[in-house]
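Novice: Heads up: take any position in the sequence shown, counting from 1, add 8, and you land on the numbering used here. Backbone N, C-alpha and C fix where the C-beta goes; we use that ideal spot for every residue, glycine too.
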Amino acid sequence: MMHESVPDAFLATLAAIVGPSGLVTGAELRGRPASWTRPEEPCAAAALVRPRTTQEVSLVLAACHAAGHPVVPRGGCTGLVDGILCNAAEIALSLERMGGIESVDPLAMTMVARAGTTIAMVQDAAQAEGLMFPLDLGARGSATVGGTIATNAGGLRVLRYGMMREMVLGLEAVLADGTVVSSLRPLIKNNTGLDPKHLFLGTEGTLGIVTRAVLRLRPAPAGYATAFLACPGVDAAARVLARTQAAFQGRVSSFEGMWPGYYRLMTEPGRFAPPLPREHPYYALVEIECVPEEEPRIHALLESLMEAGDILDAVLAASEEQRRGLWRIREAVEMLVPAGFGRPFDVSVPLSAMHDYVAAATRAVAAIRPGAGAVAYGHIGDGNIHWNTTPLGDPALEAQVDAAIYGPLTALSGSVSAEHGIGLAKRGKLGLSRSDSEVAVMRAVKQALDPRRILNPGKIFLG
Ligand SMILES: Cc1cc2nc3c(=O)[nH]c(=O)nc-3n(C[C@H](O)[C@H](O)[C@H](O)COP(=O)(O)OP(=O)(O)OC[C@H]3O[C@@H](n4cnc5c(N)ncnc54)[C@H](O)[C@@H]3O)c2cc1C
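#1: Examine ligand 1 and report whether any of its heavy atoms sits within less than 8 Å of the Cβ of Val-355.
#2: What separation, rounded to the nearest whole angstrom, lies between the Cα atoms of Ala-221 and Ile-393?
#3: Our contact map puts Leu-139 next to Ala-228 with C-beta atoms below 8 Å; I'd like the distance itself, whole angstroms only.
#4: From which residue to which residue does the beta strand (DSSP E) around Arg-220 run?
#5: Determine the burial state of Ile-388: buried for a count of at least 16 other Cβ atoms within 10 Å of its Cβ, exposed for fewer.
#6: For Trp-335 versus Thr-397, is the C-beta spacing smaller than 9 Å?
#7: So, helix, strand or coil for Trp-335, using DSSP?
#8: What is the DSSP secondary structure of His-394, counted as helix, strand or coil?
#9: For Lys-454, which residues in the same chain have their Cβ closer than 8 Å to its Cβ, ignoring the five residues on either side in sequence?
#10: Ala-340: buried (16+ other C-beta within 10 angstroms of its C-beta) or exposed?
#11: Can you grab the Cα-Cα spacing for the pair Arg-193 / Met-450, in whole Å?
#12: For Leu-177 versus Gly-162, is the C-beta spacing smaller than 9 Å?
#13: Does the beta-carbon of Thr-159 have 16 or more other beta-carbons within 10 angstroms, so that it is buried, or is it exposed?
#14: Keeping to the same chain, check which residues put their C-beta closer than 6 Å to that of Ala-382; ignore five residues upstream and five downstream.
#15: Taking one C-beta from the stretch 66-78 and one from the stretch 420-434 each time, how about it: are there three or more such pairs within less than 8 Å?
#16: When you compare only the Cα positions, how much space is there between Leu-22 and Cys-72?
#17: Going by DSSP, what residues sit across from Arg-46 in a beta bridge?
#18: Where are the alpha helix (DSSP H) runs, 4 residues long or more, that stay fully inside the stretch 73-137, in chain order?
#19: Measuring alpha carbon to alpha carbon, tell me which of Val-153, Ser-445, Val-294, Arg-377 ends up nearest Ala-404.
#20: Give the secondary structure of Ala-158 by DSSP, where H, G and I count as helix, E and B as strand, and everything else as coil.
#21: Can you tell me where the beta strand (DSSP E) with Glu-297 in it begins and where it stops?
#22: Answer yes or no: the CB of Val-341 versus the heavy atoms of ligand 1, is any distance below 8 Å?
#23: Using a beta-carbon distance below 9 Å, is Ala-372 in contact with chain D?
#24: Determine the closest residue to Ser-261 out of Glu-446, Glu-301, Leu-167, with distance taken between C-alpha atoms.
#25: From what residue to what residue does the alpha helix (DSSP H) around Ser-150 run?
#26: If we count the other Cβ atoms within 10 Å of its Cβ and call it buried at 16 or more, is Ile-413 buried or exposed?
#27: Give, in chain order, every unbroken run of the beta strand (DSSP E) that is at least 3 residues long and sits entirely within the stretch 410-463.
#28: I need the boundaries of the beta strand (DSSP E) containing Met-266, first residue and last residue.
#29: Considering only heavy atoms of ligand 1, does any lie closer than 8 Å to the CB of Thr-7?
#30: Using only the alpha-carbon positions, how far apart do His-428 and Lys-434 sit?
Okay, structure coming up:
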């Protein structure tokens with residue numbers, strides 16, 4: 009449906025619900041960036057509304073539903089697929105005043121957190137109880153519980169603990185018409201028909217606004233061993249992963265890969281000191297949950313993998329500071345943008361197909377025009393490759409880059425989005441990874457829950 013622009017009288021209705029300080033408009037609103045990927049662009053929404061309670065979210069949505077005004081939820085604004093982009097006929101709804109941890113149950117290993125709580129706060133609160141919240145990502149200081157649920161975020165420990173979906177036991181959400189759906193149960197097992205919480209996991213705020221969640225915590229590991237490896241290629245790295253998982257009974261919590269273009273860029277003078285020579289064909293960062301007494305076993309494994317030819321060189325972090333230094337090379341992806349690689353991609357392909365896929369796509373991007381390039385890295389233990397390409401400033405050329413990166417995925421049973429979602433940025437690519445019947449199911453659910461299409465309209469689906 010077409011949406012009308014938002015009259016002042018309606019903004020006054022919203023201000024009456026959230027209080028005058030809860031409504032941001034005008035210059036103050038334009039001072040906020042559109043998103044993490046568009047720091048120079050101002051937020052274009054008609055207004056930004058900042059409720060403090062679930063009840064206020066419900067009243068705001070009921071009013072918007074009745075008047076037909078679209079609403080775009082915002083968490084920490086770190087999403088990478090333009091999921092929070094607004095236009096002047098839309099109202100942005102930020103959960104920034106709905107942060108905080110309500111309770112932690114150390115015996116049941118659960119936590120109730122409000123949607124605006126950052127992931128770093130959740131991690132710290134878990135750690136204070138000797139526990140761990142396993143979701144971890146470079147954006148942890150800003151990304152929120154609500155945003156990571158809405159995108160079903162993945163990150164650095166998916167290999168061992170799964171994605172956000174595996175860490176949410178229950179949640180509370182508000183539907184487009186203001187109905188509050190409470191599924192705040194702290195149960196691991198609950199086979200009682202369709203579980204409504206899954207409607208809000210990974211659906212990018214198109215079916216409801218998440219307001220609270222019961223999160224599953226895990227025992228904190230006694231320690232980590234972190235190694236930076238050089239390998240002859242990604243296939244050898246895959247063998248390293250398999251052998252390490254077998255030797256440490258599945259306790260590999262991260263296995264991150266870096267193709268040489270990425271590693272060389274990150275270790276150029278003025279960036280990070282290279283822990284290993286820059287001429288190797290492939291690099292991997294592996295982290296194992298283990299106790300210090302297991303270190304001799306790690307050395308033995310690394311030696312055996314070197315003898316087999318699957319590792320060419322390796323460095324093992326000897327301190328927490330060194331461990332953090334190794335991680336920075338993989339995590340500091342914000343440096344790719346000023347380095348000229350500002351277009352991010354996030355795809356999945358089976359591990360066995362990675363070598364040929366990355367080699368072919370890298371060649372294809374470079375052939376588009378002189379100066380065009382792509383660097384690849386990612387959570388390769390999960391089959392997840394991130395690409396960053398040089399912006400070419402011409403839609404026709406960018407379409408060629410997209411074709412080089414997305415084109416081969418359907419035949420490989422890959423995905424155009426491993427973990428970032430679809431948003432606006434990839435909605436034209438949904439059909440490469442989802443069949444017509446799958447999209448029809450998504451549309452039927454959207455129609456049932458948001459018939460007036462006021463929740464994050466235009467995201468995920470074209471039209
Ligand atoms: C440096 C960096 C590293 C990153 N690393 C990773 C990574 O390793 N793995 C990964 O998966 N992602 C990663 N991301 C992407 C991003 O952090 C995740 O998508 C994250 O889940 C977004 O959370 P957010 O709170 O910032 O949500 P936002 O960006 O504010 O919103 C994301 C989407 O969720 C919706 N939304 C937000 N809050 C709610 C809510 N309460 N209810 C309903 N819908 C809502 C929005 O409308 C939007 O569609 C990274 C981003 C950066 C900048």
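Specialist: Here's the rundown:
#1: As a first step, residue 355 is located in the sequence shown; it is residue number 347 there, counting from the start. Answer for Val-355: no, Cβ out of range of ligand 1.
#2: Working through the sequence shown from its first residue, we reach residue 221 at position 213. Working through the sequence shown from its first residue, we reach residue 393 at position 385. For Ala-221 and Ile-393, the distance between alpha carbons rounds to 29 Å.
#3: By one-based count along the sequence shown, residue 139 stands at place 131. By one-based count along the sequence shown, residue 228 stands at place 220. Contact holds; Cβ gap of about 6 Å.
#4: Your numbering for residue 220 matches position 212 in the sequence shown. Unbroken beta strand (DSSP E) run through Arg-220: 217-224.
#5: The residue labelled residue 388 in the question sits at position 380 within the sequence shown. Looking at its Cβ environment, which holds 16 or more other Cβ atoms inside 10 Å, Ile-388 is buried.
#6: Residue 335 sits at position 327 when you count from the first residue of the sequence shown. Residue 397 sits at position 389 when you count from the first residue of the sequence shown. For Trp-335 and Thr-397, no; Cβs fall outside 9 Å.
#7: For the purposes of this step, residue 335 is taken as the residue at position 327 of the sequence shown. In the structure shown, Trp-335 sits in a helix (DSSP, three-state: H, G or I).
#8: Locating residue 394 in the sequence shown gives position 386, where the first residue counts as 1. In the structure shown, His-394 sits in a strand (DSSP, three-state: E or B).
#9: By 1-based counting over the sequence shown, the position of residue 454 is 446. Its chain contains Thr-214, Leu-215, Arg-461, Phe-469 as the residues whose beta carbon lies nearer than 8 Å to that of Lys-454, once the 5 sequence neighbours on both sides are disregarded; these appear in chain order.
#10: Counted from its first residue, the sequence shown places residue 340 at position 332. Ala-340 is exposed by the Cβ-count criterion.
#11: Here the question's residue 193 lines up with position 185 in the sequence shown. Here the question's residue 450 lines up with position 442 in the sequence shown. In a straight line, the C-alpha of Arg-193 is about 25 Å away from that of Met-450.
#12: As a working note, residue 177 is residue 169 in the sequence shown. As a working note, residue 162 is residue 154 in the sequence shown. Not a contact, by the Cβ cut-off of 9 Å.
#13: One-based indexing of the sequence shown puts residue 159 at position 151. With a threshold of 16 other beta carbon atoms within 10 Å, Thr-159 meets it and is buried.
#14: One-based indexing of the sequence shown puts residue 382 at position 374. The answer, listed in chain order, is Thr-370, Val-373, Trp-395, Thr-397.
#15: Remark: fewer than three beta-carbon pairs, one from each stretch, lie closer than 8 Å, so the stretch 66-78 and the stretch 420-434 are not flagged as touching.
#16: What you label residue 22 is simply residue 14 of the sequence shown in a count that begins at 1. What you label residue 72 is simply residue 64 of the sequence shown in a count that begins at 1. Going from the Cα of Leu-22 to the Cα of Cys-72 covers about 9 Å.
#17: Locating residue 46 in the sequence shown gives position 38, counting from the first residue. Beta-bridge partners assigned by DSSP to Arg-46: Ser-43.
#18: 127-136
#19: Locating residue 404 in the sequence shown gives position 396, counting from the first residue. Closest in C-alpha terms to Ala-404, from the list Val-153, Ser-445, Val-294, Arg-377, comes Arg-377.
#20: Taking the sequence shown and counting its residues from 1, one reaches residue 158 at position 150. Three-state DSSP puts Ala-158 in a helix.
#21: For this step, residue 297 is matched to residue 289 along the sequence shown. First-last of the beta strand (DSSP E) with Glu-297: 290-297.
#22: Counting from one through the sequence shown, the residue named residue 341 turns up at place 333. Val-341 Cβ: within cutoff of ligand 1.
#23: Absent here is chain D; the protein component of the structure consists of one chain.
#24: Taking the sequence shown and counting its residues from 1, one reaches residue 261 at position 253. Comparing Cα-Cα distances from Ser-261 to each of Glu-446, Glu-301, Leu-167, the minimum goes to Leu-167.
#25: Reading the sequence shown from its first residue, position 142 is the one you call residue 150. It is not in any alpha helix (DSSP H) - Ser-150 carries neither H nor E in the DSSP assignment.
#26: As a working mapping, residue 413 is identified with position 405 in the sequence shown. Ile-413 should be labelled buried.
#27: none
#28: Counted from its first residue, the sequence shown places residue 266 at position 258. Unbroken beta strand (DSSP E) run through Met-266: 260-266.
#29: Residue 7 is absent from the structure shown; the chain starts at 9 and stops at 471.
#30: Locating residue 428 in the sequence shown gives position 420, where the first residue counts as 1. Locating residue 434 in the sequence shown gives position 426, where the first residue counts as 1. Rounded to the nearest angstrom, the two C-alpha atoms are 10 Å apart.
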